[in-house]
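Residue numbers (the working numbering), protein chains in the order written: chain A, 56 to 941; chain B, 631 to 748. Every residue, glycine too, gets a C-beta built ideally from N, C-alpha and C. Shown next, in structure tokens, is the structure this report addresses.
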Amino acid sequence: MNEPIWRRVLRLHGPDPRADIRDEFAFHLEERIEALMAKGMTEASAREEALRRFGNLSRAESTCYHIGARQARRVRWRERLESVGQDLVYALKSMGRAPGFTLAVVSTIALGIGANTAVFSLLNALLLQPLDAAQPGQLVRVYTSEGHALRDPSDRFGASSYADYADLRAAPAFAGLAASMPLSAAVQRDGRVSRIEARVVSENYFRVLGRPPLQGGWSTPEGIAGAPEVILSHRFWSAVLGADPAVLGSTLTLNGRSVRIAGVTSPDFKGIEPGHVDLYLPFGAAPVVTGRAGLLTHRGERTVRLLGRLAPGVSPEAGEAALDAMMKGLGSAYPETNAERVMAVRRATSVLPLELMGRFLVPTAGLVFGATVVMLLISGVNVASVLLARAIRRRRELAVRLSLGAGPVRLIRQLVTESVVLALAASLVVLALVSLLPRLAAGIGVPPSVQPSVDGAVLGYAVAVAIGFGLVFGLGPAIAGMRSEVVESLRGGEANARPARARTQQVLVTAQLALSTLLLLVGGGLLENLNRQQRLDPGFEVEGLMVAQFEDPSGIESPERHRVFAGVAVERLRAIPGVTAVSMGSMAPFTSDGMRSSLHIPGYPEQPDENMEVFTISAGPDYFRTLGIPIRSGRELSGRVPDTLPRVVVNRSMARRYWGERNPVGTFIRLGNASGPAAEVIGVAADARFRSLAEVPVPMYVVQRGGWGGNTVLIRTGGDPELLRLSVRGAMAEGDVPLSLSRLDSMEEVLQGSLSLARAVSDTVLVIGLLALLLAALGLYGVVSYVMAGRTREFGIRIALGAGAPNITRMVLGYGLRLALIGGTVGVLLGLGALRLISGMLGGNWTSTSMTAAAAVLLSLVAILACLIPARRAAGTSPVNMLRAE
Amino acid sequence: MPTRVPERLFHGTLDALILQALAGGARHGYDIASWLETTSADAFSIEDAALYTALHKMEERGWIEAEWGLSSRKKRAKFYRLTPTGRRQLASRVGEWTAYVEAVDRILRPSRLAPGAA
Numbered sequence: 056m057n058e059p060i061w062r063r064v065l066r067l068h069g070p071d072p073r074a075d076i077r078d079e080f081a082f083h084l085e086e087r088i089e090a091l092m093a094k095g096m097t098e099a100s101a102r103e104e105a106l107r108r109f110g111n112l113s114r115a116e117s118t119c120y121h122i123g124a125r126q127a128r129r130v131r132w133r134e135r136l137e138s139v140g141q142d143l144v145y146a147l148k149s150m151g152r153a154p155g156f157t158l159a160v161v162s163t164i165a166l167g168i169g170a171n172t173a174v175f176s177l178l179n180a181l182l183l184q185p186l187d188a189a190q191p192g193q194l195v196r197v198y199t200s201e202g203h204a205l206r207d208p209s210d211r212f213g214a215s216s217y218a219d220y221a222d223l224r225a226a227p228a229f230a231g232l233a234a235s236m237p238l239s240a241a242v243q244r245d246g247r248v249s250r251i252e253a254r255v256v257s258e259n260y261f262r263v264l265g266r267p268p269l270q271g272g273w274s275t276p277e278g279i280a281g282a283p284e285v286i287l288s289h290r291f292w293s294a295v296l297g298a299d300p301a302v303l304g305s306t307l308t309l310n311g312r313s314v315r316i317a318g319v320t321s322p323d324f325k326g327i328e329p330g331h332v333d334l335y336l337p338f339g340a341a342p343v344v345t346g347r348a349g350l351l352t353h354r355g356e357r358t359v360r361l362l363g364r365l366a367p368g369v370s371p372e373a374g375e376a377a378l379d380a381m382m383k384g385l386g387s388a389y390p391e392t393n394a395e396r397v398m399a400v401r402r403a404t405s406v407l408p409l410e411l412m413g414r415f416l417v418p419t420a421g422l423v424f425g426a427t428v429v430m431l432l433i434s435g436v437n438v439a440s441v442l443l444a445r446a447i448r449r450r451r452e453l454a455v456r457l458s459l460g461a462g463p464v465r466l467i468r469q470l471v472t473e474s475v476v477l478a479l480a481a482s483l484v485v486l487a488l489v490s491l492l493p494r495l496a497a498g499i500g501v502p503p504s505v506q507p508s509v510d511g512a513v514l515g516y517a518v519a520v521a522i523g524f525g526l527v528f529g530l531g532p533a534i535a536g537m538r539s540e541v542v543e544s545l546r547g548g549e550a551n552a553r554p555a556r557a558r559t560q561q562v563l564v565t566a567q568l569a570l571s572t573l574l575l576l577v578g579g580g581l582l583e584n585l586n587r588q589q590r591l592d593p594g595f596e597v598e599g600l601m602v603a604q605f606e607d608p609s610g611i612e613s614p615e616r617h618r619v620f621a622g623v624a625v626e627r628l629r630a631i632p633g634v635t636a637v638s639m640g641s642m643a644p645f646t647s648d649g650m651r652s653s654l655h656i657p658g659y660p661e662q663p664d665e666n667m668e669v670f671t672i673s674a675g676p677d678y679f680r681t682l683g684i685p686i687r688s689g690r691e692l693s694g695r696v697p698d699t700l701p702r703v704v705v706n707r708s709m710a711r712r713y714w715g716e717r718n719p720v721g722t723f724i725r726l727g728n729a730s731g732p733a734a735e736v737i738g739v740a741a742d743a744r745f746r747s748l749a750e751v752p753v754p755m756y757v758v759q760r761g762g763w764g765g766n767t768v769l770i771r772t773g774g775d776p777e778l779l780r781l782s783v784r785g786a787m788a789e790g791d792v793p794l795s796l797s798r799l800d801s802m803e804e805v806l807q808g809s810l811s812l813a814r815a816v817s818d819t820v821l822v823i824g825l826l827a828l829l830l831a832a833l834g835l836y837g838v839v840s841y842v843m844a845g846r847t848r849e850f851g852i853r854i855a856l857g858a859g860a861p862n863i864t865r866m867v868l869g870y871g872l873r874l875a876l877i878g879g880t881v882g883v884l885l886g887l888g889a890l891r892l893i894s895g896m897l898g899g900n901w902t903s904t905s906m907t908a909a910a911a912v913l914l915s916l917v918a919i920l921a922c923l924i925p926a927r928r929a930a931g932t933s934p935v936n937m938l939r940a941e
Numbered sequence: 631m632p633t634r635v636p637e638r639l640f641h642g643t644l645d646a647l648i649l650q651a652l653a654g655g656a657r658h659g660y661d662i663a664s665w666l667e668t669t670s671a672d673a674f675s676i677e678d679a680a681l682y683t684a685l686h687k688m689e690e691r692g693w694i695e696a697e698w699g700l701s702s703r704k705k706r707a708k709f710y711r712l713t714p715t716g717r718r719q720l721a722s723r724v725g726e727w728t729a730y731v732e733a734v735d736r737i738l739r740p741s742r743l744a745p746g747a748a
């Protein structure tokens, strides 16, 4: 049964399904009519009968048409898949045929997408992973702030007081509202004191998260049954207590108070705070454990962070409006503390709360991520030029396939498939390496809540980047390869295609050189800024200063006992030979962000909207002398002071800001507000940097009340800090009452620690920059070799005419250096622009002449190295051999 | 004229009837229709539209395949033929139908299948 020839001709233009159906039905009707007429019907009535028996003809026609179209679509898809499959098989085969090429390209791509994917996986853990909670989409963070004090948008995301929280948690817009705050506490076990990170939480904390503890739990809503009850993190329970089930129900000494272990979190609960949490303590127990009697009742003590689960169907905006209305009520009931407080409710999209995101993290993360993207581009350019060279080398194979009837589009698709497969192979390598990151992170003590992992997002990202890489950097070479194939077959010879290809490669390699210069300059700028910061005078004497944490054996439920023990500790430290001064306070420089508190200054014309919160430190006697901060006027904190008569030393900035030219010594300020306790200003100290080296000194004061101000111990010594370490431990342990200090660090260590993130960033960018330069050097080597190989005949003639080898070497080096000069200039301009942008985001002065010079020298050296081999090859051209080869 | 079988009864079996019509070899649509009419002794009158819809659906499922050819009177016609899948399909349909008929028969006419009960 052969198809008629006319139909076969038509089929060349593709089948016409509608006409086929019509033909089929027409044949049926004709047959039927003929049969009916044979039984004696007239033609007209036979036709009528045939149509009647057929039924709904047009509907059948359209149904059959759709069935056919569906089938045709399916066939087309199958064919398409099959041809992609063929392309894949072909790609794998040709990769296998050139293992050296495959290895080089795959490792170049892996370098490019590896750094990028690794940084992405870190950002994913920090910024994209939802909280480890049931239905995390319903969770929100709740912030409060002073309505008028919003100079910086991140000021909106302030903490709450527990008393406010207790009033707000009844809001019907929330299925649950939990409060928590960090607490660094001392745990005493078997006579040893160690420091742990605790989280004080409201008793509904785990309920709101939907993650009940694995074992146990609070036995009463307050979390106090005789003794305060704590819930251990699974990590602490297994790492420190050896996963001993017997500890459940036993007691632990926390800040000198006995607490009962009531439960353990489940092993897969990563926690929702960006740091380690060793144990969870209920708020009911917090006043005695923290020694802050007013923690639960003072509305002004805003140290509590709120996390809520919205009631079904309530939007964050509606939740915010509801809380705002309640806060307004609190504002009129407690105008002293709550007037003009406003609420902000934001989805809790990641482990990082908004107050930590804004200022530093996002610009820093953006910088490192941006650097890896630039490196990705550079490696892409290298891969593109290797692929182009390969496409041109394969022109014979491509020509054969073209003549066998493969369309150019099909061939381009084939080449792009190959580059995508290469990139996907690289992404497998990268994923294997990135999957080692979690173990690495756990090994260096990264909290589980922010540990990177290879999850769906990272996997999807790596694959998407690989496919994008293969498409972007594969398509250009594929098209160019096809084009040069056509050009060459028309004009006959590679020589004609050479100049065009060389031009493209020159442009690409210049771009590479520019981008790697950009990275080097930015990395160098970061490093230089860091070094400049380190040379900055912090305003106190770093050398010979030690910082420690006093572990109070009494607990601090009794300020009196704390005073006594701290006094003993200070006396013992002062007695150590070589120690010249000792003081205690609420903080040491660079160890915390400190605290701001309001004050009222009689005689100072306060603006109606003025924020009178000033950076505050509490301290005991000798605070400034120990730090080595000179007193400009008046005197230092000293002796004992009754609680009711606090004294303050203000810094120069504060004196200038609030008293102008007048000397504040001898005047009184009021702490809190106009009706707060009066404090005498006894001295003016020089400005010093307390929070970071980068900060511009801000107004601040140090207040001395009856006690020691806090548990941070400062020790000044003339001797070796390392020796001091030993004698400090000895001095604390001897005597009737054993005392202990933890975290005994030299100020130098603290300082380096405070710069460690910035150092990690600048190191990372520099390493990426050097890798990028290496890739660019390889690119330059490739281009110079290629271009110079095309000029072999010219060199041969020059040498034959008497040009010396140094002449030829100079020509080749000159060519390479010209490219480096152009790339370097563009890169320096881009780099200076980028540094300007960064200094706008992170503050500081970043323009860097020495780094520019260093980058230029490095670039020239690398360029000379990259050109050396091609130059020697060119200089060694023998005219005789050259002519023989012609 | 024999009892006409109403369409609702053979509706679910149309596919099986068509497959059976093709069991002996390739046929075009009209041939299938007239074979069904003749073989059922005019008990069925299948609407041609339904017949063609069923044919095209089965072609899509791969039970039958089609090819253009010439009819006995040298006209262009589309011929359908069973595929191996179609043949298996037919066998299983026949099995199902037999079981069904026997079960229905046992219920509707108990005396004939269980003579001892009368």
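Under the three-state DSSP convention, the category residue i falls into
i: A/K383; result: helix
i: A/P676; result: coil
i: A/H121; result: helix
i: A/V722; result: The sequence shown places Thr at residue 722 of chain A, rather than the Val named in the question. In the structure shown, A/T722 sits in coil (DSSP, three-state: anything other than H, G, I, E or B).
i: A/E716; result: coil
i: A/D800; result: strand
i: A/A233; result: strand
Rounded Cβ spacing between residue i and residue j (contact assumed at less than 8 Å)
i: A/A910; j: A/L575; result: 5 Å
i: A/M802; j: A/F670; result: About 19 Å; that fails the 8 Å criterion.
i: A/S797; j: A/A603; result: 7 Å
i: A/R702; j: A/I737; result: 5 Å
Residue i and residue j closer than 8 Å at C-beta
i: A/A636; j: A/R760; result: no
i: A/A741; j: A/P685; result: yes
i: A/S504; j: A/G326; result: yes
i: A/N179; j: A/V513; result: yes
i: A/E366; j: A/R266; result: In the sequence on display, residue 366 of chain A carries Ala and not Glu. No.
i: A/V485; j: A/I823; result: no
i: A/S831; j: A/S571; result: The displayed chain sequence assigns Ala, not Ser, to residue 831 of chain A. A contact, by the Cβ cut-off of 8 Å.
i: A/D800; j: A/M601; result: yes
i: A/V943; j: A/L477; result: Because chain A here runs from 56 to 941, residue 943 of chain A falls outside it and cannot be looked at.
i: A/L334; j: A/V285; result: yes
i: A/T199; j: A/V397; result: yes
i: A/E252; j: A/G330; result: yes
> Where are the alpha helix (DSSP H) runs, 4 residues long or more, that stay fully inside the region 259-322 of chain A, in chain order?
Replying inline: Complete alpha helix (DSSP H) runs here, min 4: 260-264 and 289-294.
> Can you give, in chain order, each stretch of the beta strand (DSSP E) that sits fully within the region 724-793 of chain A and has at least 3 residues?
Replying inline: Segments of the beta strand (DSSP E) lying fully in the region 724-793 of chain A: 733-740, 755-759 and 767-772.
> According to a CB-to-CB cut-off of less than 8 Å, which residues of the region 106-130 of chain A neighbour chain B?
Replying inline: Residues R108, F109, G110, N111, L112, R114, A115, T118, C119, I122, G123, R125 and Q126.
> Which full runs of the beta strand (DSSP E) of 3+ residues lie inside the region 553-640 of chain A, going along the chain?
Replying inline: Taken in chain order, the complete beta strand (DSSP E) segments of 3 or more residues contained in the region 553-640 of chain A are 600-606 and 634-640.
> Between the region 130-153 of chain A and chain B, which residues of the former have CB atoms less than 8 Å from a CB of the latter, in chain order?
Replying inline: Among the residues of the region 130-153 of chain A, none has a Cβ less than 8 Å away from any Cβ of chain B.
>> Threshold first: 3 residues or longer. Then list the beta strand (DSSP E) segments lying entirely within the region 681-706 of chain B, N to C.
In response: Those beta strand (DSSP E) runs which fall completely within the region 681-706 of chain B and span 3+ residues are 694-700.
>> At 3 residues or longer, what runs of the beta strand (DSSP E) sit wholly inside the region 142-217 of chain A?
In response: Listed in chain order, the complete beta strand (DSSP E) runs (minimum 3 residues) inside the region 142-217 of chain A are 194-201.
> Which residues, in chain order, does the region 70-87 of chain A contribute to contact with chain B at a C-beta distance below 9 Å?
Replying inline: Contact annotation: in the region 70-87 of chain A, residues whose CB is within less than 9 Å of a CB in chain B are D75, I76, D78, E79, F80, F82, H83, L84, E85, E86 and R87.
> Using Cβ-Cβ distances below 7 Å, what residues of the region 680-693 of chain B are close to chain A?
Replying inline: Against chain A - using a Cβ distance shorter than 7 Å - the residues of the region 680-693 of chain B are A680, Y682, T683, H686, K687 and E690.
> When you check each C-beta in the region 657-669 of chain B against every C-beta of chain A, which residues fall closer than 9 Å?
Replying inline: Listed by position, the residues of the region 657-669 of chain B near chain A (Cβ gap below 9 Å) are H658, G659, Y660, D661, A663 and S664.
> For the region 827-882 of chain A, which segments carrying the alpha helix (DSSP H) assignment without a break, of at least 4 residues, lie completely within its bounds, in sequence order?
Replying inline: Here the runs fully enclosed are 847-855.
> Looking at chain A, which residues of the region 696-709 of chain B have a Cβ within less than 8 Å of any of its Cβ atoms?
Replying inline: Result list: E697, W698, G699, L700, S701, K705, R706, A707, K708 and F709.
> Using a Cβ cut-off of 9 Å, which residues of the region 716-727 of chain B contact any Cβ in chain A, in chain order?
Replying inline: So nothing in the stretch comes that close.
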